[in-house]
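Here the working numbering is used: position 52 in the sequence shown is 54, and no number is missing along the way. Notes follow the structure.
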Amino acid sequence: MGSDSFGETSSRKRLRVWGGRGALLKIIAVYLVNQLQKLEVRVLMGLWQHAVHKQHGLFV
């Protein structure tokens, strides 16, 4: 029982904190997603180039 009530209060506090910083968190989330997408494109391009070079017998 005690642990349940403690978990409830901590989750409520967390919700209040997240609600207050919602706008900032959204901006950060969007930024991080954009960065990850750029990184993913770079990695995919690198893998594709590596595969193409490997097919032609050239090693980078």
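For each residue, glycine too, the CB sits at the ideal point set by N, CA and C.
- In the three-state scheme derived from DSSP, where H, G and I count as helix and E and B as strand, Arg14 is classed as helix.
- Bounds of the alpha helix (DSSP H) holding Arg44 are Gly24 to Gln57.
- Cα atoms of Gly48 and Tyr33: separation of roughly 23 Å, rounded to the nearest angstrom.
- The C-alpha of Ile29 is placed about 23 Å away from the C-alpha of Arg44.
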